[in-house]
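S.K.: Protein chains in written order, with my numbering: chain A, 743 to 950; chain B, 743 to 950; chain V, 743 to 950; chain W, 743 to 950.
Number of protein chains: 4
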Amino acid sequence: MSEPKKQKVDRRVRRTHRMLREALLELILEKGYDNISINDITTRADLSRATFYLHYQDKDHLLMSSLEEMFDDLVNQRLQSLDPTTLMQGDGTPPSLYAFYHAAEYKDLYRALLSERGVASVLHRIRRYMAQITRRQLMNYFTHIPASTLEFIAQYMAGSLLNMLLWWLENEMPHPPEEMAQRYHLLTVNGLRGLLPSLVPLDGDTSD
Amino acid sequence: MSEPKKQKVDRRVRRTHRMLREALLELILEKGYDNISINDITTRADLSRATFYLHYQDKDHLLMSSLEEMFDDLVNQRLQSLDPTTLMQGDGTPPSLYAFYHAAEYKDLYRALLSERGVASVLHRIRRYMAQITRRQLMNYFTHIPASTLEFIAQYMAGSLLNMLLWWLENEMPHPPEEMAQRYHLLTVNGLRGLLPSLVPLDGDTSD
Amino acid sequence: MSEPKKQKVDRRVRRTHRMLREALLELILEKGYDNISINDITTRADLSRATFYLHYQDKDHLLMSSLEEMFDDLVNQRLQSLDPTTLMQGDGTPPSLYAFYHAAEYKDLYRALLSERGVASVLHRIRRYMAQITRRQLMNYFTHIPASTLEFIAQYMAGSLLNMLLWWLENEMPHPPEEMAQRYHLLTVNGLRGLLPSLVPLDGDTSD
Amino acid sequence: MSEPKKQKVDRRVRRTHRMLREALLELILEKGYDNISINDITTRADLSRATFYLHYQDKDHLLMSSLEEMFDDLVNQRLQSLDPTTLMQGDGTPPSLYAFYHAAEYKDLYRALLSERGVASVLHRIRRYMAQITRRQLMNYFTHIPASTLEFIAQYMAGSLLNMLLWWLENEMPHPPEEMAQRYHLLTVNGLRGLLPSLVPLDGDTSD
DNA sequence: TCCTAAGCGAGACGGTACGTCTTGTCTTCCA
DNA sequence: TGGAAGACAAGACGTACCGTCTCGCTTAGGA
Numbered sequence: 743m744s745e746p747k748k749q750k751v752d753r754r755v756r757r758t759h760r761m762l763r764e765a766l767l768e769l770i771l772e773k774g775y776d777n778i779s780i781n782d783i784t785t786r787a788d789l790s791r792a793t794f795y796l797h798y799q800d801k802d803h804l805l806m807s808s809l810e811e812m813f814d815d816l817v818n819q820r821l822q823s824l825d826p827t828t829l830m831q832g833d834g835t836p837p838s839l840y841a842f843y844h845a846a847e848y849k850d851l852y853r854a855l856l857s858e859r860g861v862a863s864v865l866h867r868i869r870r871y872m873a874q875i876t877r878r879q880l881m882n883y884f885t886h887i888p889a890s891t892l893e894f895i896a897q898y899m900a901g902s903l904l905n906m907l908l909w910w911l912e913n914e915m916p917h918p919p920e921e922m923a924q925r926y927h928l929l930t931v932n933g934l935r936g937l938l939p940s941l942v943p944l945d946g947d948t949s950d
Numbered sequence: 743m744s745e746p747k748k749q750k751v752d753r754r755v756r757r758t759h760r761m762l763r764e765a766l767l768e769l770i771l772e773k774g775y776d777n778i779s780i781n782d783i784t785t786r787a788d789l790s791r792a793t794f795y796l797h798y799q800d801k802d803h804l805l806m807s808s809l810e811e812m813f814d815d816l817v818n819q820r821l822q823s824l825d826p827t828t829l830m831q832g833d834g835t836p837p838s839l840y841a842f843y844h845a846a847e848y849k850d851l852y853r854a855l856l857s858e859r860g861v862a863s864v865l866h867r868i869r870r871y872m873a874q875i876t877r878r879q880l881m882n883y884f885t886h887i888p889a890s891t892l893e894f895i896a897q898y899m900a901g902s903l904l905n906m907l908l909w910w911l912e913n914e915m916p917h918p919p920e921e922m923a924q925r926y927h928l929l930t931v932n933g934l935r936g937l938l939p940s941l942v943p944l945d946g947d948t949s950d
Numbered sequence: 743m744s745e746p747k748k749q750k751v752d753r754r755v756r757r758t759h760r761m762l763r764e765a766l767l768e769l770i771l772e773k774g775y776d777n778i779s780i781n782d783i784t785t786r787a788d789l790s791r792a793t794f795y796l797h798y799q800d801k802d803h804l805l806m807s808s809l810e811e812m813f814d815d816l817v818n819q820r821l822q823s824l825d826p827t828t829l830m831q832g833d834g835t836p837p838s839l840y841a842f843y844h845a846a847e848y849k850d851l852y853r854a855l856l857s858e859r860g861v862a863s864v865l866h867r868i869r870r871y872m873a874q875i876t877r878r879q880l881m882n883y884f885t886h887i888p889a890s891t892l893e894f895i896a897q898y899m900a901g902s903l904l905n906m907l908l909w910w911l912e913n914e915m916p917h918p919p920e921e922m923a924q925r926y927h928l929l930t931v932n933g934l935r936g937l938l939p940s941l942v943p944l945d946g947d948t949s950d
Numbered sequence: 743m744s745e746p747k748k749q750k751v752d753r754r755v756r757r758t759h760r761m762l763r764e765a766l767l768e769l770i771l772e773k774g775y776d777n778i779s780i781n782d783i784t785t786r787a788d789l790s791r792a793t794f795y796l797h798y799q800d801k802d803h804l805l806m807s808s809l810e811e812m813f814d815d816l817v818n819q820r821l822q823s824l825d826p827t828t829l830m831q832g833d834g835t836p837p838s839l840y841a842f843y844h845a846a847e848y849k850d851l852y853r854a855l856l857s858e859r860g861v862a863s864v865l866h867r868i869r870r871y872m873a874q875i876t877r878r879q880l881m882n883y884f885t886h887i888p889a890s891t892l893e894f895i896a897q898y899m900a901g902s903l904l905n906m907l908l909w910w911l912e913n914e915m916p917h918p919p920e921e922m923a924q925r926y927h928l929l930t931v932n933g934l935r936g937l938l939p940s941l942v943p944l945d946g947d948t949s950d
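#1: With a 10 Å radius around its C-beta and 16 neighbouring C-beta atoms as the bar for buried, classify serine 838 of chain V as buried or exposed.
#2: List, in chain order, every chain V residue whose beta-carbon is nearer than 8 angstroms to that of leucine 865 of chain W.
#3: Hey, is the segment 913-927 of chain B in contact with the segment 910-929 of chain A, meaning 3+ C-beta pairs nearer than 8 angstroms?
#4: Could you tell me whether the segment 857-864 of chain V touches the segment 846-865 of chain W, using the rule of 3 or more Cβ pairs below 8 angstroms?
#5: Residues of chain B with CB under 8 angstroms from asparagine 905 of chain A, in chain order?
#6: Rounded to whole angstroms, what is the Cα-Cα separation between alanine 787 of chain W and leucine 796 of chain B?
#7: Enumerate, from N- to C-terminal direction, the unbroken alpha helix (DSSP H) stretches of 4 or more residues contained entirely within the segment 839-926 of chain A.
#8: Since serine 807 of chain A is in the alpha helix (DSSP H), which residue starts that stretch and which ends it?
#9: Evaluate valine 931 of chain A with the Cβ neighbour count: other Cβ atoms within 10 Å of its Cβ, from every protein chain shown; 16 or more gives buried, anything less gives exposed.
#10: Straight-line CA distance for tyrosine 898 of chain A to methionine 906 of chain B?
#11: Only counting the same chain, and skipping five residues up and downstream in sequence, which positions put a Cβ closer than 7 angstroms to that of threonine 784 of chain B?
#12: So the candidates are V/Tyr848, V/Tyr883 and V/Ile780; which of them puts its Cα closest to the Cα of lysine 801 of chain V?
#13: Pairing CB atoms from the segment 871-878 of chain V with CB atoms from the segment 845-854 of chain V, are three or more of them under 8 angstroms?
#14: With a cut-off of 8 angstroms, does the C-beta of leucine 805 of chain W fall near any C-beta of chain V?
#15: Comparing alpha-carbon positions, which option in V/Glu920, V/Thr891 and V/Arg867 lies nearest glutamate 810 of chain V?
#16: Contact criterion: CB-CB distance below 8 angstroms. Does glutamate 858 of chain W meet it with respect to chain V?
#17: Can you look up isoleucine 783 of chain B in the DSSP assignment and give me helix, strand or coil?
#18: At the level of alpha carbons, what is the spacing between proline 836 of chain V and arginine 756 of chain W?
#19: Counting only Cβ-Cβ distances shorter than 7 angstroms, please list the residues of the segment 875-896 of chain W near chain V, keeping chain order.
#20: Cβ of glutamate 745 of chain A less than 8 angstroms from any chain B Cβ?
#21: Check distances from the C-beta atoms of the segment 754-787 of chain V to those of chain W and list, in chain order, the residues that come in under 8 angstroms.
#22: Have a look at glutamine 831 of chain B and leucine 771 of chain B and give me their C-alpha separation to the nearest angstrom.
#23: Run through DSSP, which three-state label would aspartate 752 of chain W get?
#24: Taking DSSP as the reference, what is the three-state secondary structure of aspartate 788 of chain V?
#25: Is the beta carbon of phenylalanine 842 of chain V closer than 8 angstroms to that of alanine 923 of chain V?
#26: Taking 8 angstroms as the threshold (C-beta atoms), are serine 807 of chain B and leucine 767 of chain B in contact?
#27: Do you know whose CA, among B/Asp776, B/Arg754, B/Thr885 and B/Met812, lies nearest glutamate 764 of chain B's CA?
#28: Classify isoleucine 770 of chain B as helix, strand or coil using the three-state DSSP reduction.
#29: Tell me, please, whether the CB atom of leucine 839 of chain V is closer than 8 angstroms to any CB atom in chain W?
#30: Taking C-alpha atoms, which residue in A/Leu892, A/Arg853 and A/Asp782 lies nearest to leucine 908 of chain A?
#31: Beta-carbon within less than 7 angstroms of leucine 903 of chain W's beta-carbon, same chain only, minus the 5 sequence neighbours each way: which residues are those?
#32: Going by the CB atoms, is the gap between leucine 804 of chain W and leucine 769 of chain W shorter than 8 angstroms?
#33: Taking 8 angstroms as the CB-CB limit, is arginine 791 of chain A close to chain B?
#34: Here's a check: name, in chain order, each residue in its chain whose Cβ is nearer than 6 angstroms to the Cβ of arginine 753 of chain W, leaving out the five neighbours to either side.
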């Protein structure tokens, strides 16, 4: 009985949330996260400042909640298509390629959030997120290695990929995504061979 | 003859700079960079707020100038002892070990500056700094590879090392530095072998 | 029906204005206008400094707005009782007597504002105000004299009266108001007779 | 032996004083007394701020000392030529004429110092100064009147003259000095006749 | 159809920090 | 000794945000 009402209320509230989120993302691109005031956001969103505090404690809260939605919408829909059993194959479509595609697609946003003038916590969050995904995929692939080794490798892979992405974005994407992914893949796969010599089945040969 | 005057003046100013720098570093450890106000700094340094602005435009300026000094004092004195010809040797003292030692020594500071609540620009600065050092050492070692490949590798190595350091610090340093460096080294060296198969002499023959 | 809201808002704002005005006047008496800081005022008024700037640009703005209210409240209620046809009568109640009474009543305030350590602009304002009133009353009384002569006389009368008031206040009011007014009146009326010999009916026949 | 040195020192000091005084007066005309900082003055005078404090406590001290010199130099040289026995004569050169001449000559300075944005204490000082001169001249002329009456008249005359001067300057000097003095003289002399009926010998006739 | 509760606009307010500006003191040195 | 140079403490200035609060309007749902 109370659902229809709730739904309508939700509609209004969701609209407000959407307005705030869009205003924030626009403003991040325009002037950098740190230079945005709550007033900027609400003015852009055609809302009053009090309304902001009705929904979020903080600029950070709004950012995190916005990123969460974005990631749930965007990243998942891509990464779910990854076949874990194909992780290591070097047949020209290394999984990191998707990351480069995604980064290129949202390059403005990522530059704004991850650049020198960006938000430290976002970077850490993304790093943890990538490590988590990597860890899961590694677990599907390497079943019998110690957890601590696996964690180490996951962190290594996620971190190095993230940093390649940062460098790539920072330097105006000097190489095409495919080349980036290919090179990155070579470095990584050979690295794994070093650490896990007996475990790594050579998926294809990477002798270029 | 005019030097004594200058020196005295400098002495006062240098003292002020030192007080401010120390106050800043202390406060970063105590409450996080973002929560520090100029007033906090000058109160801690027993100076007046106006004096701060006599020397620095900004909290950021003070931070950067402080880090510069620290790096010039600390990092250089360590890294200069590195023999560029030993870059690739896997004999138990991989060069990254120094990085782990250094990070462990100043772990509080780095945690404060590089953590989730840290300063994004510092992280980028350190990344670039590490990439630069790596590039130089690679140039000493690999003389005939294209600049773009070399740059790519330098970014990869610096980025992955930096991220290992971050993860290590963040997680209360679960492994000893030696183990970290050893594992990291394995991953990296093998990666290089993959990307530069014909160029990489095996460890040991670093006869330049 | 929407008035109650407006009224409530007004009530709050008016209260704030009143608090600030009263604080200012108190402080002027205590330490002199120039030695008052905005902080002094808001502390006294139990308000925050930001609130001050919400309502007034300046210490001067607050002063002027406060004086305006005081004058509207105080001076008008007195001067309205003046019968313009009685301007020149020398029967013991010359109009300047009201000025002396008023000055005596608010002697602390006027001393604070008009003394050596007072506010130049207030003095000029009061002089203009008195000249204006004098001009109006002269216009009622002398109908056929040139405007420039009338202006001259008004300035003369207002200025000389104001200065007598200042001297009187500065010197601890050595004579009773009645005597001051009587003497001042004699000097002025006879002066007028000199400048307007044919126009000035002698005191007493104000049967207009 | 030390005298020549002393003289040199004095010369230097006097030069410094002169530079500061001139800088102050220039700046008063340019931007108004209140808007001048010590720094403005010393910069203009080609001196260092510390030097200012070597000679004067205050901006006010410098002003007062400067005005004193100016008055000693300027006003005295004029007023000394006044013959006290000619005070009341209406032969076309009433003594106030000199005041109007003087005011016209230094109109910029007086406007700056005495206007709405001027310095309250200067105005009071000048008023007292004029009252003093007036008192002296009255004492030469009227020998047998009570001191309090004389004081009253002196204050009246000085105050009304000062205010006429202010009004005149403020309004771009709408009438020539001679006319101002003539009108003012009529008003005053007749006023005196009223207060001191038996004492005032008619000096010439003002039935003009 | 009215009622009522939630969302929201408006904006006053206390509070903190900012970066700038003056003031007056002090010290060190030069001429 | 007079002055230059400039570091420093102290503190006011006017501005910008922040987070909280109160007051009513509006509006959509349930009565």
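All C-beta atoms, glycine included, are put in the ideal place defined by N, C-alpha and C.
M.R.: With the given structure in hand:
#1: buried
#2: In chain order: Ala862 and Leu865.
#3: no
#4: yes
#5: Arg869, Gln897, Tyr898, Ala900, Gly901, Ser902, Leu904 and Asn905
#6: 25 angstroms
#7: 849-856, 862-883 and 889-912
#8: Segment 801-812, the alpha helix (DSSP H) holding serine 807 of chain A.
#9: By the neighbour-count criterion, in which a residue is buried when 16 or more other Cβ atoms sit within 10 angstroms of its Cβ, valine 931 of chain A is buried.
#10: 6 angstroms
#11: Ser790, Arg791, Thr793 and Phe794
#12: Closest by alpha carbon: V/Ile780.
#13: The segment 871-878 of chain V makes no contact with the segment 845-854 of chain V: fewer than 3 CB pairs, one atom from each, lie closer than 8 angstroms.
#14: no
#15: V/Arg867
#16: yes
#17: helix
#18: 54 angstroms
#19: Taking 7 angstroms as the Cβ-Cβ cut-off against chain V, the residues of the segment 875-896 of chain W that qualify are Phe894.
#20: Any reading at glutamate 745 of chain A must be qualified, since the residue scores a pLDDT of 40, below 50, and its modelled position is unreliable; the value itself is stated next. It does not; no Cβ of chain B falls within 8 angstroms.
#21: none
#22: Below a pLDDT of 50, predicted positions are generally treated as unreliable, and glutamine 831 of chain B, at 47, falls in that range; the measurement from the model is reported next regardless. Their backbone Cα atoms lie some 36 angstroms apart in a straight line.
#23: helix
#24: coil
#25: yes
#26: no
#27: B/Met812
#28: helix
#29: no
#30: Closest by C-alpha distance to leucine 908 of chain A, out of A/Leu892, A/Arg853 and A/Asp782, is A/Arg853.
#31: Ser838, Ala841, Met872 and Tyr926
#32: no
#33: no
#34: Within the same chain, arginine 753 of chain W has no close Cβ partners at all.
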